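Just so you know, the UniProt record's numbering puts 25 at position 25 of the sequence shown, and the rest follows in order with no gaps.
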Amino acid sequence: MDIYYLTLFPEMYKGVLGSSILKRAEDKGIVNYHMINFRDFSHNKHNKVDDYPYGGGAGMVLKPEPVFEAMDSLKLDNKRVILMCPQGQPFNQKLAEELAEEENIVFINGHYEGYDERIRSLVTDEVSIGDYVLTGGELASMAMTDAIVRLIPDVLSNEKSHQEDSFSTGLLEHPHYTRPREYRGMKVPDVLLSGNHKLIEEWRYEQSLKRTRERRPDLLED
Ligand code: 6GU
């Protein structure tokens, strides 16, 4: 998979894409991350990529030309083009699973009050990562990248580990314990030490259900 980030702040990505599993995925040749600074396509003296809104109002608007020309420079056929914005559809595990099958993903990241509306003609999806406002799309596109890349085959060494994820099962995960058996008076539930796999499975399922009911009853509605 090739992932392209149209951004004015490529340096923001270094720590995230250059660490841990996202880095290993690139080292293994499973994914390639590409930074495109659309300021390189501004064509004006001061490298301006934003301008005042027609009709007046607060804040600046991202100009269309740098984004259109940055997109032209990619010359990609099969692609999802994702506009990062708080008005987009909420990101979730289902969309992550769908995007994990794509050949090319382009994230468009703005830092202004808004995008010139014509930029939306380039886009296949508008996505938000939650109901709060970030200063720019970069952090959101990194969160999406993490959720997507870990689902690509051979990225996680333990293949089963994402089939049991919260949200792909439809329930929150059950509690986990490791050694020691007792710590500061808190004991590991006996059932986990019983060696009875059927009982353990039942306990885990009940705990998942209980947690979901308590914390995220909305997940049980459908
Ligand atoms: Cl994708 N962008 C911005 N600027 N803020 C957000 C967001 C995206 N998702 C949640 N808040």
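Glycine included, each C-beta is placed from N, C-alpha and C at the ideal position.
Since this is a predicted model, take the numbers as computed values, not measurements.
The region 126-142 touching the region 154-168, judged by at least three CB pairs closer than 8 angstroms:
no
Report the option in Gln93, Gly114 and Leu122 whose CA atom is closest to the CA atom of Val106.
Leu122
Under a three-way DSSP split, which group does Asp190 fall into?
helix
Using 10 angstroms around the beta-carbon of Gly59, count the other beta-carbons present and answer buried if the total reaches 16, otherwise exposed.
By the 10 Å Cβ count, Gly59 comes out exposed.
Length of the line joining the Cα atoms of Tyr115 and Pro64
8 angstroms
Three-state secondary structure assigned by DSSP to Met36
Checking the sequence, you will find Ile at residue 36 rather than Met. Ile36: strand per DSSP, three-state reduction.
At what residues does the beta strand (DSSP E) containing Gly88 begin and finish?
Gly88 -> beta strand (DSSP E) spans Arg80 to Pro90.
Under 8 angstroms between C-beta atoms of Val81 and Leu62:
no
With DSSP collapsed to three states, give me the class of Gly128.
Residue identity check: residue 128 is Ser in the sequence provided, not Gly. Ser128: strand per DSSP, three-state reduction.
Going straight from the alpha carbon of Leu8 to that of Leu220, what length do you get?
41 angstroms
Are the CB atoms of Leu6 and Ile36 nearer to each other than 8 angstroms?
Taking 8 angstroms as the Cβ cut-off, Leu6 and Ile36 qualify as a contacting pair.
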